[in-house]
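One structure is given here, and the rest of the page talks about it.
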Amino acid sequence: MDNATTILAEINGNIGTVGYGLAAIGPAIGVGIVVGKTIEGVARQPELQGRLTVLMFIGIAFTEALAFIGIATFFFMV
Amino acid sequence: MTLLASAANEPEPFHPPSLADFFPQVFLFAEPTIPWFEDDSPIFGINRIMLVRFIAAIALILIFVLGTRKMRLIPTRGQSLIEMGLGFVRDGIAYDLLGEKDGKRFLPLLTTIFFMVLAMNLTGVIPFLNIAGTSVIGVPLVLAIVSYLAFIYAGVKKHPGAFFRNSLAPAGVPWFLYIIVTPLEFISTFLLRPITLTLRLMMNLLVGHLMLVLFFAATHFFLFSLGGGFIALGAGTLVFGFAFTVFELLVCVLQAYVFAILTAVYIQLALAEEH
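As they're listed, the protein sequences go chains X and U.
Note that UniProt numbering has the first sequence beginning at 1, numbered continuously upward.
Note that UniProt numbering has the second sequence beginning at 1, numbered continuously upward.
As structure tokens, then:
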């Protein structure tokens, strides 16, 4: 009985996974803001769409880099 | 999961994807080795990923050489595809960000970066190759260093002597703030730029490969090891696997575009009059 409960309660894995989950929150919000604002901008001025799309991808690239640094830390810190 | 697996008849255990997938066995040039580096790792060792990189490079060269050998004023279908790709890099990336004069100078570099990243990314979704040449740090690191040297070269050539002062100590800041601003500018410009270029490309492709392997390994496990009611789940993971393959195709093109456009942005910032 006691043995069974210990086995049921066992979780194995690495706490670094949780760390990556936390690291993904910020970039997710950031990318959402970047894309949302771009859509707002295009809705206001559709003729600027090409220029705004380029800026959007640059903004996304800078923001999501944080998430990928988050993945990488797991490999060289653990 | 272990309980369910033991209920089935002679179950094959689930094989989750791991980082070992990215370090396959060296099958050619196992000598010479570096004694002090990572347990005698071979210097010129050719493994599956290196082979995939060679295939991608040869395919890229063949496409461009054969496709542009007989150029016509009215292009054939193949020639117009190549023209579309080259024109996209020229108009969409180089001329758009750098202007016609500077764009022309850096066009060969940007074109090479774009098509090299694209070719090495696409091997990740091509059947039987199945791993991206950029999913191990070598290629992204080399390209990031090339991009790093390119923007420093552009800046030093345009503003000899003033480039490092401009980028480390931007004008219009009260003097006491330089204590904070200069280290921050140094870290963000000269350390984080190459690191983020490398990691963005590599991690995108690495994670993409892990996701695809996870879906297809799960499909195999559900269909052949568990069977029964799990076949429905297996069909679900199979559909998701194909959906993610299409998504990976998008990521491949997007990462090539982002790498080229960030190089162009860094060059543009280095060329700008005032920082």
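For every residue, glycine included, the Cβ atom is placed at its ideal position computed from N, Cα and C.
### Query
Do we get a CB-CB distance below 8 Å when we pair L262/U with the residues of chain X?
So, interface residue.
### Query
If you draw a straight line from the alpha carbon of A171/U to that of F54/U, how long is it in whole angstroms?
47 Å
### Query
Using the C-alpha atoms, what's the distance from F68/X back to M1/U?
Its pLDDT being 43, under 50, M1/U is placed unreliably by the model, and nothing is read from it.
### Task
Could you check what DSSP says for I46/U in three-state terms: helix, strand or coil?
strand
### Query
Residue range of the alpha helix (DSSP H) that T17/X falls in?
16 to 44
### Selection from L168/U, M116/U, W36/U that minimises the alpha carbon distance to F64/U
M116/U
### Query
Just curious, the alpha helix (DSSP H) that L109/U is in, first and last residue?
Looking at the DSSP string, the run of the alpha helix (DSSP H) that includes L109/U is 96 to 122.
### Query
So what does DSSP say about G237/U, is it helix, strand or coil?
Per the sequence shown, residue 237/U should be read as Thr rather than Gly. In this structure, T237/U counts as helix in the three-state DSSP scheme.
### Task
With a cut-off of 8 Å on the beta carbons, I'd call P42/U and F29/U a contact; round off their distance for me.
6 Å
### Query
Within this structure, are the beta carbons of E64/X and V18/X separated by less than 8 Å?
no
#### Entry: Closest residue to I126/U among M203/U, L212/U, I61/U (Cα-Cα distance)
Ranking M203/U, L212/U, I61/U by Cα distance to I126/U puts L212/U first.
### Query
Quick one: does N204/U have its CB under 8 Å from some CB of chain X?
yes
### Query
If you follow the alpha helix (DSSP H) that F186/U is part of, which residue opens it and which one closes it?
178 to 186
### Query
Would a C-beta distance cut-off of 8 Å place R48/U and P24/U closer than the cut-off?
yes
### Query
Would the beta-carbon of V52/U fall within 8 Å of that of I113/U?
no
### Query
Which chain U residues are close to V34/X, counting only those with a beta carbon under 8 Å from its beta carbon?
In chain order: nothing, as chain U lies at least about 13 Å away.
### Task
Could you tell me the boundaries of the alpha helix (DSSP H) in which P194/U lies?
192 to 220
### Query
Is any beta-carbon of chain X found at less than 8 Å from that of V258/U?
yes
### Message
Under DSSP, the alpha helix (DSSP H) around L168/U begins and ends at which residues?
### Response
163 to 168
#### Entry: Straight-line gap, residue 294/U to K104/U (C-alpha atoms, nearest Å)
Chain U is shown only over 1 to 275; residue 294/U falls outside these bounds and no answer can be derived.
### Task
Report the rounded CA-to-CA distance for H275/U versus S167/U, giving the unit in angstroms.
Bear in mind that the predicted position of H275/U carries a pLDDT of just 47, short of 50, making it unreliable; the figure below should be weighed with that in mind. Their backbone Cα atoms lie some 6 Å apart in a straight line.
### Query
Do I71/X and V265/U have their C-beta atoms closer together than 8 Å?
no
#### Entry: Top-ranked residue by Cα proximity to I46/U, from R69/U, I58/U, F27/U
F27/U
### Message
Please return the same chain residues whose Cβ sits closer than 6 Å to the Cβ of G41/X, not counting the five positions on each side in sequence.
### Response
L52
### Message
Can you find the residues in the same chain that come closer than 6 Å, C-beta to C-beta, to F176/U, ignoring five residues on each side of it along the sequence?
### Response
Non-local C-beta neighbours of F176/U in its own chain, meaning closer than 6 Å and more than five positions away in sequence, are absent.
### Message
Please identify the residue among T123/U, L81/U, L223/U whose C-alpha is closest to the C-alpha of L238/U.
### Response
L223/U
### Residues of the region 69 to 97 of chain U whose Cβ lies closer than 9 Å to any Cβ of chain X, in chain order
G92, I93, D96, L97
### Task
Assess, as a yes-or-no matter, whether the region 140 to 147 of chain U is touched by the region 192 to 200 of chain U under the definition of 3 or more beta carbon pairs within less than 8 Å.
They touch, by the three-pair rule.
### Coarse secondary structure for L73/U, derived from DSSP in three states
coil
### Query
Going straight from the alpha carbon of A24/X to that of G208/U, what length do you get?
16 Å
### Whole-angstrom C-beta distance between G133/U and A56/U, which should lie under 8 Å
5 Å
### Query
Between the Cα of L86/U and the Cα atoms of V136/U, G67/U, F128/U, T245/U, which residue gives the shortest distance?
G67/U
### Query
Ordered along the chain, which non-local residues of its own chain (more than five positions away) have a Cβ less than 7 Å from that of T122/U?
A small fix is needed here, since residue 122/U is Leu in this sequence, not Thr. Counting only Cβ-Cβ distances below 7 Å, and skipping sequence neighbours, we find C252.
### Query
If we call anything under 8 Å between Cβ atoms a contact, is S135/U one with L205/U?
yes
### Message
DSSP three-state label for L129/U, please.
### Response
coil
### Task
Kindly list, in the order they appear in chain X, the residues whose Cβ is closer than 7 Å to that of V265/U.
Here the neighbours are I58.
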